[in-house]
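Below is one structure; the comments refer to it alone.
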Ligand SMILES: [Zn+2]
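In my numbering, the protein residues as written are 23 to 236.
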């Protein structure tokens, strides 16, 4: 785990290679909180950054965390060219890419280009796998390309007390095994919700006694 090195803002990438880092974990593990903290720390060092997100829980172009922090962000639409986005700005030292699992594979390639050709540090955050425990294509590409990959495990537990590793999609009280890879849930308008489970209970489809029949 390299949380401490993420939080201590690195000096300018001038004089060293820029880095592509991917922090992954299930929902509620503190990804967005760490993204916001990282942005704050880098900003205090006088570094200039952009904050990107896609499908944030707020439903708008913002990075919000469940503990109540929030920041305006750029929504990564399908087809947005991230190299063009960054080079259109005066000088960008780093990018915070929240919900990077939902970006396109092409956009992940663009992040690597920004690191290698434009010396922009990229800190990407996201889920590794979908509700079936199958890896998102963008997350897979990040695993393949990143200089550093870290699993975040911030006290998110399965109902049984084991560390939560996987997100289950729950529709009508039942764990779904099939369906679209991306469905926004946990909003008032949606019948879909997500629940973090340990591997054992994700594979068994066991949502725990108190939640059965909801
Ligand atoms: Zn469990």
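We put the beta carbon where it would ideally sit given N, CA and C, even for glycine.
Problem - Near ligand 1: residue 184 beta-carbon under 7 Å from a heavy atom - result: For the purposes of this step, residue 184 is identified with residue 162 of the chain shown, where counting begins at 1. Yes, since a heavy atom of ligand 1 falls inside the 7 Å radius drawn around the Cβ of residue 184.
Problem - beta strand (DSSP E) runs contained entirely in the region 185-219, provided each spans 3 or more residues - result: 188-193, 214-219, all fully within the region 185-219.
Problem - Among 65, 218, 48, the one whose alpha carbon lies nearest that of residue 116 - result: Numbered from its first residue, the chain shown carries residue 116 at position 94. If we check each option's Cα against that of residue 116, 65 comes out closest.
Problem - Per DSSP, cross-strand counterpart(s) of residue 262 - result: It is not possible to answer for residue 262, since the shown part of the chain is limited to 23 through 236.
Practice task
Along the alpha helix (DSSP H) that carries residue 125, what are the first and last residues, could you check?
Solution key: Position 103 of the chain shown, counting from 1, holds the residue named residue 125. Neither: residue 125 is in no alpha helix (DSSP H) and is coded neither H nor E.
Problem - As assigned by DSSP and simplified to three states, the class of residue 303 - result: Summary: the structure shown does not reach residue 303, with the chain confined to residues 23 through 236, and so no result is reported for it.
Practice task
Using three-state DSSP, classify residue 234 as helix, strand or coil.
Solution key: On the chain shown, position 212 is the one that residue 234 refers to. Legend: pLDDT at residue 234 = 46, less than 50; position of this residue unreliable, value from coordinates given subsequently. Residue 234 falls in the coil class under three-state DSSP.
Practice task
Return yes when at least one heavy atom of ligand 1 lies under 7 Å from the C-beta of residue 219, else no.
Solution key: The sequence position of residue 219 within the chain shown is 197, counting from 1. Yes - ligand 1 has a heavy atom lying nearer than 7 Å to the Cβ of residue 219.
Practice task
Compute every distance between the C-beta of residue 51 and the non-hydrogen atoms of ligand 1, then say whether any falls below 7 Å.
Solution key: On the chain shown, position 29 is the one that residue 51 refers to. Checking every heavy atom of ligand 1 against the Cβ of residue 51, none is found closer than 7 Å.
Handout entry: Check: residue 222 C-beta below 7 Å from any heavy atom of ligand 1
Key = Reading the chain shown from its first residue, position 200 is the one you call residue 222. Taking 7 Å as the cut-off, the C-beta of residue 222 counts as close to a heavy atom of ligand 1.
Problem - Beta carbon of residue 190 nearer than 8 Å to that of residue 149 - result: As a working mapping, residue 190 is identified with position 168 in the chain shown. As a working mapping, residue 149 is identified with position 127 in the chain shown. No. Outside cutoff.
Handout entry: Any non-hydrogen atom of ligand 1 closer than 7 Å to residue 293 Cβ
Key = The structure shown has nothing for residue 293, since the chain only spans 23 to 236.
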